[in-house]
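Quick note on my numbering: the sequence shown kicks off at 862 and runs consecutively. The structure under discussion appears below in the form of structure tokens.
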Amino acid sequence: MDTKDLISAYYAAFNAGRTDEMLTYLHDDFEHHVNEGQIRRGKEMFREFNAGMTRNYKEFLSDIVVFANDAGDRAAAEFVVNGTYLNTDEGLPEARGQTYVLPAGTFFTLRDGKIARVTTYYNLADWTRQVSA
Numbered sequence: 862m863d864t865k866d867l868i869s870a871y872y873a874a875f876n877a878g879r880t881d882e883m884l885t886y887l888h889d890d891f892e893h894h895v896n897e898g899q900i901r902r903g904k905e906m907f908r909e910f911n912a913g914m915t916r917n918y919k920e921f922l923s924d925i926v927v928f929a930n931d932a933g934d935r936a937a938a939e940f941v942v943n944g945t946y947l948n949t950d951e952g953l954p955e956a957r958g959q960t961y962v963l964p965a966g967t968f969f970t971l972r973d974g975k976i977a978r979v980t981t982y983y984n985l986a987d988w989t990r991q992v993s994a
């Protein structure tokens, strides 16, 4: 599977709610660099992150555009997060079923045909403003 197809499959699994399938695309030495947070290392920490996200948010990514370098070891994606805030996440505003639309982007490092690093960026202040309105 080429790099763009791998990233597209990763996001297709996300949009379908198949977070366990997302793990199959990850390298054993995986790192998740969180927007304004600590680095999560390993598939198990990513599984726990996904469980929390599934509990607190319902999200669908639209307008996904995937870019990859010629070597296939670096990639990026730009997309729009269309979400509903279901349950209050620790340290964040109270959830009341608010909806939000948030532009975001992710950078990827690939190794051995798998995703070794995911770094996602979004504007937390914009999200907070939307769910606090």
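The beta-carbon is built from N, C-alpha and C at its ideal position, and this holds for glycine as well. Note that the structure is predicted; figures quoted are calculated from it, not measured.
- The beta carbon of T864 sits closer than 7 Å to the beta carbons of A929, G933, A936, L971 from its chain, once the five residues preceding and following it are set aside; these are given in chain order.
- Contact check for G944 against Y918 passes: the beta carbons are separated by less than 8 Å.
- N943 carries a strand assignment under DSSP once its states are collapsed to helix, strand and coil.
- Close CB contacts of S923 within its chain, under the 8 Å cut and outside five residues either way in sequence, are with F940, V941, N943 (chain order).
- Each residue's CA atom was taken as its position, placing V992 and T960 some 7 Å apart.
- Going by beta carbons, T981 and N911 fall outside the 8 Å limit.
- Taken in chain order, the unbroken stretches of alpha helix (DSSP H) that lie wholly in the region 863 to 919 and span 4 residues or more are 864 to 876, 880 to 885, 904 to 917.
- For T989, the enclosing alpha helix (DSSP H) has its first and last residue at 985 to 993.
- In this structure, the straight-line span from the alpha carbon of L887 to that of R916 is close to 22 Å.
- Contact check for A956 against T949 passes: the beta carbons are separated by less than 8 Å.
- If you ignore the 5 residues before and after K975, its C-beta comes within less than 7 Å of the C-beta of Y886, L887, H888, all in its own chain and listed in chain order.
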